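Trainee:
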Amino acid sequence: MGRLILKGIFKKFNDFLALENVNFDVAEGEFVCLLGPSGCGKTTILRLAAGLDSPNSGEIFLDGKKIVGTNKECGFVFQEYALFPWRTAKGNIEFGPQVKGCRKEDCEKISRHYIDLVGLRGFENHFPHELSGGMKQRVGIARAYANKPKLLLMDEPFGALDAQTRNIMQAELLRIWEKEHISVLFVTHSVDEAVYLADRVVVMSARPGTVKEIFDIKLPRPRVRTSPEANTLRDLILKSLGSEIKRAAEIRK
Ligand SMILES: Nc1ncnc2c1ncn2[C@@H]1O[C@H](COP(=O)(O)OP(=O)(O)OP(=O)(O)O)[C@@H](O)[C@H]1O
Ligand SMILES: [Mg+2]
Numbered sequence: 001m002g003r004l005i006l007k008g009i010f011k012k013f014n015d016f017l018a019l020e021n022v023n024f025d026v027a028e029g030e031f032v033c034l035l036g037p038s039g040c041g042k043t044t045i046l047r048l049a050a051g052l053d054s055p056n057s058g059e060i061f062l063d064g065k066k067i068v069g070t071n072k073e074c075g076f077v078f079q080e081y082a083l084f085p086w087r088t089a090k091g092n093i094e095f096g097p098q099v100k101g102c103r104k105e106d107c108e109k110i111s112r113h114y115i116d117l118v119g120l121r122g123f124e125n126h127f128p129h130e131l132s133g134g135m136k137q138r139v140g141i142a143r144a145y146a147n148k149p150k151l152l153l154m155d156e157p158f159g160a161l162d163a164q165t166r167n168i169m170q171a172e173l174l175r176i177w178e179k180e181h182i183s184v185l186f187v188t189h190s191v192d193e194a195v196y197l198a199d200r201v202v203v204m205s206a207r208p209g210t211v212k213e214i215f216d217i218k219l220p221r222p223r224v225r226t227s228p229e230a231n232t233l234r235d236l237i238l239k240s241l242g243s244e245i246k247r248a249a250e251i252r253k
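Using our numbering, you'd call the opening residue of the sequence shown number 1 and step up by one each time.
1) In whole angstroms, give me the CA-to-CA distance for Cys33 and Arg103.
2) For the alpha helix (DSSP H) containing Ala50, list its first residue and its last residue.
3) Buried or exposed: which applies to Glu244, given that a residue is buried once 16 or more other Cβ atoms fall within 10 Å of its Cβ?
4) Roughly how many angstroms lie between the CA atoms of Glu213 and Val202, to the nearest whole one?
5) Starting from Arg200 and walking both ways along the beta strand (DSSP E), at which residues does that stretch end?
6) Return helix, strand or coil for Met1, following the three-state DSSP convention.
7) Hey, is Gly51 close to ligand 1, as in C-beta under 6 angstroms from one of its heavy atoms?
8) Using the Cα positions of Pro128 and Thr88, report the straight-line distance between them to the nearest angstrom.
9) Counting along the chain, where does the alpha helix (DSSP H) carrying Ala335 start and finish?
10) So if DSSP puts Ser57 in a beta bridge, which residue, or which two residues, is it bridged to?
11) Who does Gly209 pair with in a DSSP beta bridge?
12) Along the chain, which unbroken stretches of the alpha helix (DSSP H) at least 4 residues long are found entirely within the stretch 61-109?
13) Relative to the C-alpha of Gly2, which candidate in Val26, Leu19, Lys12 and Glu20 has its C-alpha closest?
14) Among Thr232, Lys72 and Val22, whose alpha-carbon lies nearest the alpha-carbon of Leu153?
15) With H, G and I counted as helix, E and B as strand and the rest as coil, what does DSSP make of Leu241?
16) Taking the beta carbon of Ser240 as the centre, do at least 16 other beta carbons fall within 10 Å, making it buried, or is it exposed?
17) Assuming the contact rule is C-beta atoms closer than 8 angstroms, Lys90 and Asn125 should be a hit. Round their C-beta distance to whole Å, please.
18) Using CA atoms only, rank isn't needed, just tell me which of Arg175, Leu151, Tyr196 and Phe84 is closest to Ile182.
19) DSSP puts Leu120 in a beta bridge; with which residues?
20) Please confirm whether Met169 has its beta-carbon closer than 7 angstroms to some beta-carbon of chain B.
21) Gly134: which of Asn147, Cys107, Glu172 and Ser190 sits nearest, CA to CA?
22) Would you grab the beta carbon distance between Lys11 and Glu59 for me? Rounded to a whole angstrom, and I think it's under 8 angstroms.
23) Round the Cβ separation of Phe186 and Leu174 to the nearest angstrom and send it over; I've been treating them as touching at under 8 angstroms.
24) Nearer than 6 angstroms: is that true of the beta carbon of Thr88 relative to any heavy atom of ligand 2?
25) Name the residue from Glu130, Ser227 and Arg121 whose alpha carbon lies nearest to the alpha carbon of Ala142.
26) Could you compute how far the alpha carbon of Asp216 sits from the alpha carbon of Glu30?
27) With a Cβ-Cβ cutoff of 7 angstroms, do Cys74 and Pro157 count as a contact?
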């Protein structure tokens with residue numbers, strides 16, 4: 001479950017062509033990272049997959065069903081935490097199950113499970129302003145997981161974290177992903193992060209965004225960030241991405 005297919009996607013904002021013929025897929029249980037220059041349409045792709053916006057042409061399927069309107073089968077984790085400030089950590093995580101009409105005991109069982117999974121036991125009753133950046137991000141991830149999505153869409157979720165917390169969060173995310181067997185589409189600006197996390201890396205071109213190249217990352221997990229194989233892949237991806245970042249800068253001139 002959780003197979004996402006993007007087929008011939010074009011997206012315009014007024015006269016501005018943001019996405020041009022985007023085609024790729026995320027297989028069941030696969031972890032795919034999306035890389036590309038700023039403004040190439042990565043967030044737009046996530047929004048389309050979540051059904052928050054619709055393409056001008058092309059189709060998106062999740063498990064064979066065409067996405068029209070908000071896609072309730074995916075979870076979204078934003079860069080800017082986007083937690084409800086008036087709800088505690090537990091209250092944030094229980095939000096989805098509550099909206100679905102789960103009984104109180106079931107909501108509590110779900111939130112306990114995910115609080116443990118993301119290592120937030122003892123902080124259940126803290127409000128977002130009482131939590132660190134890394135903790136807030138973990139609440140965001142737990143909240144997305146608590147909805148039992150088939151597909152997790154993550155938009156630079158660790159971009160605001162310091163390097164050490166980011167490394168810890170990446171390892172935790174992989175641990176949860178391996179346990180829950182969910183498909184993940186993860187946007188990042190970091191080639192290092194993509195090579196550490198992904199089964200496949202999709203590199204996008206400068207605007208209008210389209211898929212430039214797809215890299216298979218067949219390194220065994222847990223991965224060693226500095227292994228020669230990881231370094232080789234990182235260099236290849238950097239080269240592909242680097243030329244697009246340069247092109248994006250020229251387009252802006
Ligand atoms: N609602 C909107 N209205 C008009 N233009 C938009 C809208 N949303 C996105 N765009 C434009 O579409 C392009 C792609 O935006 P998007 O946010 O998807 O880029 P991105 O790849 O996520 O960039 P970044 O890496 O900086 O987050 C940009 O040029 C942006 O200005
Ligand atoms: Mg973005």
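Ideal placement from N, C-alpha and C gives every residue a C-beta, glycine not left out.
No experiment lies behind these values; they were computed from the predicted model shown.
Mentor: Looking at the coordinates:
1) Just so you know, the alpha carbons of Cys33 and Arg103 end up roughly 36 angstroms apart.
2) First-last for Ala50: undefined, no H or E at that position.
3) The residue in question, Glu244, is buried, as its Cβ has 16 or more Cβ neighbours within 10 Å.
4) A direct Cα-to-Cα measurement between Glu213 and Val202 gives close to 6 angstroms.
5) Where Arg200 is concerned, the enclosing beta strand (DSSP E) stretches over Arg200 to Met204.
6) Correct three-state label for Met1: coil.
7) Ligand 1 never approaches Gly51 closely enough for any of its heavy atoms to be under 6 angstroms from the residue's Cβ.
8) Pro128 and Thr88: Cα-Cα distance of roughly 7 angstroms.
9) Lying outside 1 to 253, the shown extent of the chain, residue 335 is not represented and no answer is given.
10) For Ser57, the beta-bridge partners assigned by DSSP are Phe10.
11) Per the DSSP secondary-structure output, Gly209 pairs in a beta bridge with Leu19.
12) Counting whole runs of 4 or more residues, the stretch 61-109 contains the alpha helix (DSSP H) stretches 89-99.
13) The residue with the shortest Cα to Cα distance from Gly2 is Val26.
14) If we check each option's Cα against that of Leu153, Lys72 comes out closest.
15) In this structure, Leu241 counts as helix in the three-state DSSP scheme.
16) In this structure Ser240 is buried. Its beta-carbon is surrounded by 16 or more other beta-carbon atoms within 10 angstroms.
17) Contact between Lys90 and Asn125 holds: their C-beta atoms lie close to 6 angstroms from each other, under 8 angstroms.
18) Checked all of Arg175, Leu151, Tyr196 and Phe84; the closest Cα to Ile182 is Leu151.
19) According to DSSP, which records beta bridges pairwise, Leu120 is partnered with nothing at all.
20) The structure shown has no chain B; it contains just one protein chain.
21) Taking only the C-alpha atoms, the option nearest Gly134 is Glu172.
22) About 13 angstroms separates the two Cβ atoms, so there is no contact after all.
23) Rounded to the nearest angstrom, the Cβ distance from Phe186 to Leu174 is 11 angstroms, too far for a contact under 8 angstroms.
24) Thr88: no, Cβ never under 6 angstroms from ligand 2.
25) By alpha-carbon distance to Ala142, the top candidate from Glu130, Ser227 and Arg121 is Arg121.
26) C-alpha separation (whole angstroms): 11 angstroms.
27) No. Outside cutoff.
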